[in-house]
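Below is one structure; the comments refer to it alone.
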Amino acid sequence: MEIGVTACNPETVSLPTSATGLREGTWILSGCNVLKDGHAIKENYGQDLDKLTEGNCPIHSMSCYKL
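Below you can see the structure in the form of structure tokens.
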């Protein structure tokens, strides 16, 4: 599972098959890795989204993340 935010223009962006393929202006949480503009900048971050089961409620706050 992947979740994230982007500043990409929806009128001009070409969507890849996976969110990890997005490059400029993106922050993606994929599994338990944080990617910025398609590059892993933090591994083993929080709960692994790929291991969620029904009823899990992952809570993530990127507001305190320091580069």
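Numbering-wise (the working numbering), the sequence shown opens with residue 6 and increments by one. Even for Gly, the Cβ is constructed at its ideal location relative to N, Cα and C.
- Boundaries of the beta strand (DSSP E) harbouring ASN38: 38-41, taken from the DSSP string.
- When THR22, SER23, ILE33 are compared, the shortest CA-CA separation from ALA12 is found for ILE33.
- For SER35, same chain residues with a beta-carbon under 6 Å away, outside a window of 5 residues either side, are GLU7, THR25 in chain order.
- 7 Å or more divides the Cβ of GLY9 from the Cβ of ARG28.
- CA-CA distance, CYS37 to PRO15, rounds to 26 Å.
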